[in-house]
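Below is one structure, written out as structure tokens, with a few remarks after it.
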Amino acid sequence: MSLAEQQITTDLKELKKDPDHPILDLLAERWSPVTFSDRFLAEETLQILFEAARWAPSSNNLQPWYFIYTFRTTEAFEKIYQCLSEYNQSWVQNAPVLMLAIVDEKTEDGKENYHALHDLGLAMGNMIMQAQSMEIATHMMAGVDWKKAQKVFEIPEAYHVATAIAVGYYGGDPDDLKENLREREFKPGKRKPLDQLARRDSWWELKK
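And the structure:
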């Protein structure tokens, strides 16, 4: 990463989060960029991310998560690209790696696993924080045609393609982006007020 890219990345980290209470730097500095460094992302590095996901907690230790990953310039990368929304297609080729996160919606005895997506989220959280500790950015995408992805990659119907993920080292030049993406990249991060998320002893009063 060039010195200019380092400065831009540092500035964006400071811009994106302004927590009300002290939290880990890994959490405060993470954001989902649409630019990535050209730095090579090695297979061995990705295995570290998957190892972090592997050790996430899960209901009854079912570990219902699966990942398909691929590198830019491959046929599989193009397959994932074609399953993405138009907006995601407008920037995702900046990423050196694309993934699909897939979940098994059934238990071992064939019953509905109502905690499967919850558990996948825990695995993704592990992966994201491991990546952040290595200066690797991740951008999760809900804008994916999961039925198309399921068909293209011949994924059995018992499984669900939950999300796509772009992965790469932080960096790149936002000035190379289209205007709408550049504005998005510099937009400060926003979250709901904490008192709307956590309440002691009782539920919130019903809003009319």
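Numbering (this note's numbering), first residue to last: 4 to 211. Glycine included, C-beta positions come from ideal geometry on N, C-alpha and C.
Assigned exposure category for residue i - 16 Cβ within 10 Å defines buried
i: Leu-123; result: buried
i: Met-130; result: buried
i: Gly-171; result: buried
i: Lys-188; result: For the record, residue 188 in the displayed sequence is Glu; it is not Lys. Flag for Glu-188 reads buried.
i: Asn-2; result: No information on residue 2 is available, as it lies outside the stretch 4 to 211 that the chain covers here.
i: Gln-199; result: exposed
i: Ala-7; result: The predicted position of Ala-7 is uncertain, since its pLDDT is 48 and thus under 50; no value can be drawn from it.
Beta-carbon proximity check, residue i vs residue j, cutoff 8 angstroms
i: Ser-93; j: Leu-27; result: no
i: Ile-83; j: Ala-152; result: yes
i: Glu-111; j: Tyr-162; result: no
i: Leu-103; j: Phe-80; result: no
i: Ser-61; j: Leu-125; result: yes
i: Leu-49; j: Gln-135; result: no
i: Gly-146; j: Tyr-72; result: no
Between the CA atoms of residue j and residue i - distance to the nearest angstrom
i: Leu-44; j: Asp-23; result: 34 angstroms
i: Asp-1; j: Asp-148; result: Residue numbering for the chain in the displayed model covers 4 to 211; residue 1 lies beyond these limits and cannot be assessed.
i: Glu-54; j: Trp-68; result: 12 angstroms
i: Ala-201; j: Asp-21; result: 18 angstroms
i: Glu-78; j: Val-100; result: 12 angstroms
i: Asn-116; j: Met-127; result: 18 angstroms
i: Ser-88; j: Thr-141; result: 17 angstroms
i: Glu-46; j: Ala-56; result: 16 angstroms
i: Cys-86; j: Trp-34; result: 23 angstroms
i: Arg-75; j: Trp-58; result: 27 angstroms
i: Arg-42; j: Ala-167; result: 21 angstroms
i: Gly-113; j: Leu-197; result: 39 angstroms
i: Lys-193; j: Ala-31; result: 12 angstroms
i: His-118; j: Glu-186; result: 37 angstroms
i: Glu-208; j: His-121; result: 27 angstroms
i: Lys-190; j: Gln-66; result: 36 angstroms
i: Pro-25; j: Asn-63; result: 33 angstroms
i: Phe-156; j: Met-132; result: 28 angstroms
i: Lys-154; j: Ile-139; result: 30 angstroms
i: Ile-158; j: Lys-150; result: 10 angstroms
i: Glu-182; j: Lys-195; result: 27 angstroms
Cβ separation of residue i and residue j, assumed to be a contact under 8 angstroms, to the nearest whole Å
i: Met-137; j: Ala-169; result: Not confirmed; about 16 angstroms, so no contact.
i: Val-106; j: Ala-165; result: 5 angstroms
*Would the stretch 175 to 184 and the stretch 35 to 44 be scored as touching if the rule is three or more Cβ pairs under 8 angstroms?*
yes
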